[in-house]
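So the protein sequences, as listed, match chains P and Y.
FYI, the UniProt record's numbering numbers position 53 of the first sequence as 53, with every residue one higher than the one before it.
FYI, the UniProt record's numbering numbers position 13 of the second sequence as 13, with every residue one higher than the one before it.
To start, the structure under review is shown below, and the notes come after it.
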Amino acid sequence: MYVDPEIIRLLAFLIGVIAFAALNAAYLVWLERKEAAHIQRRIGPKEVGPFGLLQPLVDGIKLMTKQLIVPAGVDPVLFKIAPILVMVPAIMSFVTIPFSETLVARNLDIGLLAIFAFASVNVLGLLLGAWGSRNKYAVISAARVVSQNVAYEIPMLVTVVTLVMISGTMNLSKIVALQQGGFWHWNILNLSASPLMPVAFLIFFVCMLAETNRAPFDMAEAESELVAGAFTEYSGMGFGVFFMGEYANIVIGASMATILFLGGWDCPFGLFPGVHWFLIKMYFLIFTVIWIRWTYPRTTFYGLLNLSWKILIPISFVNLILTSAMLKVF
Amino acid sequence: MIDYLREIISGTWSLFVGLGITIRYFFQPVVTVQYPYETLPMTPRFRGHIELVKDEETGETKCIVCGMCQKACPSNCITVNGEKREGVKGKVLTEYTLDFTKCSLCGLCVESCTPKAITFSKDYNLAGVRKEAYIFDLKKRLEAKN
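Okay, structure coming up:
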């Protein structure tokens, strides 16, 4: 029987991507708990398995055995579809991410655009989940999530436009290929394109935190004030899937920052590039994301919007103008 | 305009200072006591529930069954009983019960005890599921220790 190798390749990538997303989502929870514990000089999970490594598995079993309560009065279709709408785009985004020169599921010419298109579905999932659960507090919370995401998508996209102008392509593999050969070629230090490049990286990173609803911008589920906010009505694995979607989004965000600013799979000294360098940079960024969560308190909503509209957007536009001027002059 | 830029730069800098502090704590050794596996020695002034003191010479309790602790206790949680025995001077302790559900750890019993026969124990692992678990027979505890 003849099977097209392309189909086998696609299946392998499908399984690989889902396994990568799910394992990351599970073990980032473990990493988060460990890192939080060590910042507070505790130990963290240690009972289940060596170093508590089986803890995510046990948590998963616990979540799955819990009763899925669908409250009376909810919109059953929206209520059930919303967690999937958060999780699926996060997994879809992995399709275009190049982990190394050869390790990429689909080398799209519009890879960057595709990822941002999928990323915006995530917000839709949150909004539908809150709307479907017929809870006014969840709807208010979801409105905050949407306004936050709109506010932070602008500086992020303007920064990305700057990078697209520098690279001249939206193909993620080509963007990485242009940064090969040591850390002085990476976009974060590409000072000849724009002297504000390190600032642009910071802007991108802050926007990524806000887009993934991470602290200090975690308005969507401010546990202490809103009691899980937009997902108030979700129980068991419904809530678990929202949670996994959030962690998968962090992986996507860290991968994007790695690809766009830190040279992707390139070695900082120009030697032995490969997938390991991509993973090292990505996990360092994820470590930083968690580190930030356990350093800063949650901001107020006004502080959040002020930061975006008064600081990040003007600076990213200045960077855009500066870059276009530099490109025209040199 | 210059204030705006100064605020951004000093604000960003302060964020990095905060990150520096937390990463320093991250690499410092853990300070929490891993409780069920590790315990701390209690300080000498720690007030647990009361306990009978063993007389080093006889190996028995020092209690002379005067009943002062029972009288001093404001919440009536101590019960002392003794009996007269042949050939023994004074009374012999037969029952010393502490109802720890009522005890407020005021320490008046320890203060009023002339022969210094009761003291505070260093016991703090006092979880239980029944009220009866907190009615301590101190005489039995002392015998179990011997």
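Cβ coordinates follow ideal geometry from the N, Cα and C atoms, glycine included.
Here the structure is a predicted model, which is why all the values come from computation and not from measurement.
Counted within 10 angstroms of its Cβ, other Cβ atoms place residue i as buried (16 or more) or exposed
i: residue 159 of chain Y; result: The structure shown does not extend to residue 159 of chain Y, since chain Y spans only 1 to 146, so no value can be given for it.
i: C113 of chain Y; result: buried
i: residue 380 of chain P; result: A query on residue 380 of chain P cannot be resolved here, the shown segment of chain P reaching from 1 to 330 and no further.
i: E132 of chain Y; result: exposed
i: R33 of chain P; result: buried
i: S125 of chain Y; result: For the record, residue 125 of chain Y in the displayed sequence is Asn; it is not Ser. N125 of chain Y comes out exposed.
i: L40 of chain Y; result: exposed
i: P76 of chain P; result: exposed
i: M1 of chain P; result: exposed
DSSP three-state assignment for residue i, whether helix, strand or coil
i: N306 of chain P; result: helix
i: K91 of chain Y; result: strand
i: E51 of chain Y; result: strand
i: T300 of chain P; result: coil
i: I64 of chain Y; result: coil
i: Y134 of chain Y; result: helix
i: L15 of chain Y; result: helix
i: L108 of chain Y; result: helix
i: Y96 of chain Y; result: strand
i: D3 of chain Y; result: helix
i: A215 of chain P; result: coil
i: E45 of chain P; result: Sequence check: residue 45 of chain P is Pro here, not Glu. Reduced to three states, the DSSP call for P45 of chain P is coil.
i: L40 of chain Y; result: coil
i: P314 of chain P; result: helix
i: residue 339 of chain P; result: Lying outside 1 to 330, the shown extent of chain P, residue 339 of chain P is not represented and no answer is given.
i: G128 of chain Y; result: coil
i: E143 of chain Y; result: helix
Terminal residues of the beta strand (DSSP E) in which residue i lies
i: V80 of chain Y; result: 78-84
i: T119 of chain Y; result: 118-120
Assumed close pair residue i, residue j - CB separation to whole angstroms, cut-off 8 Å
i: A200 of chain P; j: T162 of chain P; result: 6 Å
i: L108 of chain P; j: A117 of chain P; result: Between A117 of chain P and L108 of chain P the Cβ distance is about 11 Å, and since that is not below 8 Å, they are no contact.
i: M208 of chain P; j: G253 of chain P; result: 4 Å
i: R214 of chain P; j: I250 of chain P; result: 7 Å
i: A82 of chain P; j: S141 of chain P; result: Not really, about 13 Å apart at Cβ, beyond 8 Å.
i: R144 of chain P; j: M64 of chain P; result: Between M64 of chain P and R144 of chain P the Cβ distance is about 30 Å, and since that is not below 8 Å, they are no contact.
i: P98 of chain P; j: S173 of chain P; result: 5 Å
i: A105 of chain P; j: F13 of chain P; result: 4 Å
i: L286 of chain P; j: L28 of chain P; result: Residue identity differs from the one stated: residue 286 of chain P is Ile in this sequence, not Leu. Sure, about 7 Å apart at Cβ, within 8 Å.
i: I50 of chain Y; j: I118 of chain Y; result: 5 Å
i: F100 of chain Y; j: V110 of chain Y; result: Between V110 of chain Y and F100 of chain Y the Cβ distance is about 15 Å, and since that is not below 8 Å, they are no contact.
8 Å Cβ shell around residue i - same chain, five flanking residues per side excluded
i: K139 of chain Y; result: L52, T61, L93, T94, E95, Y96
i: V139 of chain P; result: A130, W131
i: residue 174 of chain Y; result: Not covered by the structure: residue 174 of chain Y. The range shown for chain Y is 1 to 146.
Element boundaries [alpha helix (DSSP H), containing residue i]
i: I91 of chain P; result: 76-93
i: T162 of chain P; result: 136-167
i: F242 of chain P; result: 236-261
i: F330 of chain P; result: It is not in any alpha helix (DSSP H) - F330 of chain P carries neither H nor E in the DSSP assignment.
i: M64 of chain P; result: 55-65
i: F284 of chain P; result: 275-293
i: C73 of chain Y; result: Taken as a continuous stretch (DSSP letters only), C73 of chain Y belongs to no alpha helix (DSSP H), as it is neither H nor E.
i: H185 of chain P; result: First-last for H185 of chain P: undefined, no H or E at that position.
i: A114 of chain P; result: 111-132
i: P5 of chain P; result: 5-39
i: P198 of chain P; result: 197-211
i: S173 of chain P; result: 172-177
Chain-order list of residues whose beta-carbon lies under 7 Å from that of residue i (same chain, five-residue window excluded)
i: M326 of chain P; result: A193, S194
i: V121 of chain P; result: L85, P89
i: S100 of chain P; result: W265, G274, V275, F278
Close beta carbons around residue i, own chain, < 6 Å, minus the five adjacent residues each side
i: I175 of chain P; result: S167
i: M92 of chain P; result: F118
i: Q180 of chain P; result: D266
i: T300 of chain P; result: none
i: L78 of chain P; result: L128, G132
i: G44 of chain P; result: R33, K34, A37
Closer than 7 Å: residue i CB and nearest the ligand ATP heavy atom
i: K71 of chain Y; result: Within the structure as shown, the ligand ATP is missing, as the structure has no ligands at all.
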